[in-house]
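Below is one structure, written out as structure tokens; comments come after it.
Number of protein chains: 2
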Amino acid sequence: MSQQRHGSTPGEADGVPAFPDLPEATIARLPEYLRALHHLAETGAETVSSEGLAAAAGVNSAKLRKDLSHLGSYGTRGVGYDVALLVDQIEYILGLDKNRAVCLVGVGNLGHALAGYAGFASRGFRVVALFDADPKKVGEDINGLAVQHIDDLQRVAAEESIAIGVIATPPGTAQSVADALVAAGVTSILNFAPGVLSVPSNVDVRKVDLAIELQILSFHEHRKASLTALPGGRVPATGNSDQEAVGS
Amino acid sequence: MSQQRHGSTPGEADGVPAFPDLPEATIARLPEYLRALHHLAETGAETVSSEGLAAAAGVNSAKLRKDLSHLGSYGTRGVGYDVALLVDQIEYILGLDKNRAVCLVGVGNLGHALAGYAGFASRGFRVVALFDADPKKVGEDINGLAVQHIDDLQRVAAEESIAIGVIATPPGTAQSVADALVAAGVTSILNFAPGVLSVPSNVDVRKVDLAIELQILSFHEHRKASLTALPGGRVPATGNSDQEAVGS
DNA sequence: AGGCGCTTGTGAAGGCGTGCACAAATCGCG
DNA sequence: CGCGATTTGTGCACGCCTTCACAAGCGCCT
Ligand SMILES: NC(=O)c1ccc[n+]([C@@H]2O[C@H](COP(=O)([O-])OP(=O)(O)OC[C@H]3O[C@@H](n4cnc5c(N)ncnc54)[C@H](O)[C@@H]3O)[C@@H](O)[C@H]2O)c1
Ligand SMILES: NC(=O)c1ccc[n+]([C@@H]2O[C@H](COP(=O)([O-])OP(=O)(O)OC[C@H]3O[C@@H](n4cnc5c(N)ncnc54)[C@H](O)[C@@H]3O)[C@@H](O)[C@H]2O)c1
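Sequences listed follow chains A and B, in order. Start counting the first sequence at 1; every next residue gets the next number (full-length UniProt numbering). Start counting the second sequence at 1; every next residue gets the next number (full-length UniProt numbering).
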């Protein structure tokens with residue numbers, strides 16, 4: 001595989017700062033911490049303890065401290081973490097200071113909702129282009145952005161240097177759209193279409209599949225039902241690692 | 001769905017069949033296997049090898065075999081797995097034979113798209129009710145289903161025995177909606193609003209947060225960029241556990 | 001200045017998940 | 001009827017992640 005020795009945090013050529021290689025599990029939690037921190041900042045909090053931030057993010061405080069320790073020592077013992085400083089740190093690590101350009105392919109039912117979603121811009125992303133294959137959709141104005149034809153993807157992507165693409169087309173066309181995105185230089189894809197995408201190894205794909213989420217919930221329903229029917233009527237907590245039962 | 005013999009988990013009252021406790025990671029992959037199997041069934045395949053199914057689902061074949069072995073021995077050495085049988089098995093385990101009733105709260109931008117989504121019904125779920133707090137939305141007909149007022153949730157949930165609720169309201173109201181769902185007897189929640197929900201321990205919550213997905217992609221963009229700027233121009237593959245670079 | 005309480009950062013242990021490698025089992029064919 | 005080809009099921013080792021527990025560090029109060 002890819003072994004790559006990065007010197008850890010300290011000394012680095014000044015153009016490109018050091019880049020710690022964080023555990024995947026930590027990276028997946030950083031956005032949650034960031035959201036909690038922004039919320040805290042709005043309430044005027046200057047600092048926050050690991051306990052407090054952990055509660056706000058729905059995780060164990062030890063896990064939070066270990067996660068943050070991977071970024072470096074940005075806390076003060078006896079006091080806590082400086083909220084503003086930590087926000088900057090996490091945003092830097094996540095690369096959110098770049099205001100990344102995103103394009104969306106497939107302006108149907110779902111794509112329409114996504115295109116109008118304000119949560120993108122507020123979290124460091126700019127939707128700069130919408131594409132569809134349907135001539136009737138092309139030209140349509142959504143939230144101040146005109147839908148363009150998929151054939152223009154290549155050109156537009158180059159002009160706007162789009163690095164992230166979102167796929168919201170029917171499952172059957174998802175692979176060909178992914179291929180087009182890759183050909184246009186996109187190196188990160190968020191896919192809403194069910195199914196497996198095949199892409200070069202330097203391209204990252206994340207997938208969101210509602211049906212999968214529901215089916216996992218269904219499993220737990222099934223499990224709970226079969227347990228309550230048994231002697232001990234007590235329903236034990238799920239082994240689910242997600243947030244749950246956060247005592248507030 | 002008739003009687004099924006699970007080799008494991010012996011001695012059980014016959015009304016409720018044995019229920020193997022599967023690893024969380026396995027459960028999360030079963031829906032993906034199921035989708036791949038349905039696809040195979042459509043192409044007329046009678047059986048499939050672990051290698052073939054693994055490729056279709058975008059996972060390692062050893063992992064797939066271990067996952068399936070947790071459900072019992074439903075394969076035949078030298079031949080493979082019986083597609084139809086495996087479909088039934090997985091659907092049974094996931095509780096999809098129950099055609100579970102789902103309600104959706106918050107018929108806004110996103111909720112509207114979800115309400116019209118055909119992928120629910122085709123995968124074993126029935127959206128039986130839509131709720132909103134906005135009087136202007138109440139009464140609106142979406143895909144043959146009338147939007148009802150959130151105050152009717154309690155009553156409707158009891159009538160339809162709804163076990164799964166989907167939250168698509170603004171973040172600020174998500175917690176109160178969750179409380180209402182729980183009060184109405186819902187024991188599984190799929191939450192699209194950013195933030196942490198607090199629910200009793202017998203309620204399962206899964207969350208879908210687009211911004212988090214994009215931020216994770218952004219991190220990898222940042223990482224890739226900082227690596228290409230360094231001596232070794234080669235960009236290594238991500239540690240991402242998701243599907244990626246599946247040799248077509 | 002010194003002590004005290006609080007909080008971070010981390011070493012160590014345990015658990016979970018993954019992937020390899022191979023024995024066991026089954027089928028088809030000569 | 002036996003043999004080889006094929007594929008499952010799994011024991012095992014390894015690495016990642018989580019969690020505990022505590023020493024080290026910091027600020028405040030006296
Ligand atoms: N609607 C939902 O709530 C929902 C939920 C989960 C997943 N999904 C998935 O998201 C995807 C989109 O769902 P939808 O309901 O919006 O479907 P849709 O049919 O309403 O929209 C699909 C759009 O993609 C366009 N399109 C088709 N082929 C294209 C191509 N090659 N290039 C560019 N555009 C193309 C179509 O013109 C159409 O506008 C589907 O894969 C669906 O399974 C949808
Ligand atoms: N639109 C998207 O693409 C998108 C993407 C990701 C996440 N989200 C999240 O999904 C949620 C909904 O997004 P949206 O764009 O659909 O917002 P929206 O404002 O368009 O819709 C919200 C709907 O919820 C209803 N509502 C508000 N309070 C309610 C209550 N107490 N009970 C019942 N209904 C209530 C409102 O009347 C409105 O119809 C938000 O939390 C958003 O952050 C949206």
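Backbone N, C-alpha and C fix where the C-beta goes; we use that ideal spot for every residue, glycine too.
Check	Outcome
Per-residue DSSP class, three states only, for residue 80 (chain A)	strand
Under 8 Å between C-beta atoms of residue 196 (chain B) and residue 57 (chain A)	yes
Reduced DSSP secondary structure (H/G/I, E/B, other) of residue 188 (chain B)	strand
Top-ranked residue by Cα proximity to residue 219 (chain B), from A:187, A:191 and A:103	A:187
Distance cut-off 7 Å: residue 131 (chain A) Cβ against heavy atoms of ligand 1	yes
Cβ contact (3+ pairs, closer than 8 Å) linking the region 201-214 of chain B and the region 200-217 of chain A	yes
Whole-angstrom C-beta distance between residue 203 (chain A) and residue 104 (chain A), which should lie under 8 Å	Rounded, the Cβ-Cβ distance is 17 Å, inconsistent with contact.
Where residue 162 (chain B) falls: helix, strand or coil (DSSP)	coil
Between the CA atoms of residue 226 (chain A) and residue 336 (chain B) - distance to the nearest angstrom	No answer is possible for residue 336 (chain B): the residues shown for chain B start at 1 and end at 248.
Outcome for residue 132 (chain A) when other beta-carbon atoms lying within 10 angstroms are tallied against a minimum of 16	buried
Members of the region 100-121 of chain B near chain A, C-beta cut-off 8 Å	100, 102, 109, 110, 112, 113, 114, 116, 117, 119 and 120
DSSP three-state assignment for residue 219 (chain A), whether helix, strand or coil	helix
Backbone secondary structure at residue 11 (chain B) - three-state DSSP	Its pLDDT being 37, under 50, residue 11 (chain B) is placed unreliably by the model, and the measurement read from it follows with that caveat. In this structure, residue 11 (chain B) counts as coil in the three-state DSSP scheme.
Residue 93 (chain A) Cβ short of 7 Å to ligand 2 heavy atom set	no
Any chain B beta carbon closer than 8 Å to residue 220 (chain A)	yes
Where residue 228 (chain B) sits in the DSSP three-state scheme	helix
8 Å Cβ cutoff, residue 65 (chain A) in contact with chain B	no
Nearest-angstrom Cα separation, counted from residue 80 (chain B) out to residue 96 (chain A)	47 Å
For residue 174 (chain A), the residue or residues it bridges with in DSSP	Beta-bridge pairing links residue 174 (chain A) to no other residue.
8 Å Cβ cutoff met for residue 101 (chain A) and residue 160 (chain A)	yes
Residue 43 (chain A): CB within 7 Å of a non-hydrogen atom of ligand 2	no
Bridge-paired residues (DSSP) for residue 207 (chain B)	B:191
DSSP three-state assignment for residue 130 (chain B), whether helix, strand or coil	strand
Under the three-state DSSP convention, the category residue 56 (chain A) falls into	helix
Any non-hydrogen atom of ligand 1 closer than 7 Å to residue 150 (chain A) Cβ	yes
Distance between residue 201 (chain B) and residue 145 (chain B) (C-alpha atoms, nearest Å)	32 Å
Contact test: residue 214 (chain A) Cβ vs ligand 1 heavy atom, cutoff 7 Å	no
Those residues which DSSP pairs with residue 149 (chain A) across a bridge	A:132
Within 8 Å, strictly: CB atoms of residue 171 (chain A) and residue 216 (chain B)	no
Residue 106 (chain A) beta carbon less than 8 Å from that of residue 250 (chain A)	Any answer about residue 250 (chain A) is impossible in this case: the structure gives chain A only from 1 up to 248.
Which of helix, strand or coil DSSP assigns to residue 26 (chain A)	helix
Check whether residue 113 (chain B) and residue 113 (chain A) have beta carbons under 8 Å apart	yes
Limits of the unbroken beta strand (DSSP E) element including residue 100 (chain A)	100-105
Contacts around residue 49 (chain A), its chain only, beta-carbon distance under 7 Å, and the 5 residues preceding and following it disregarded	80
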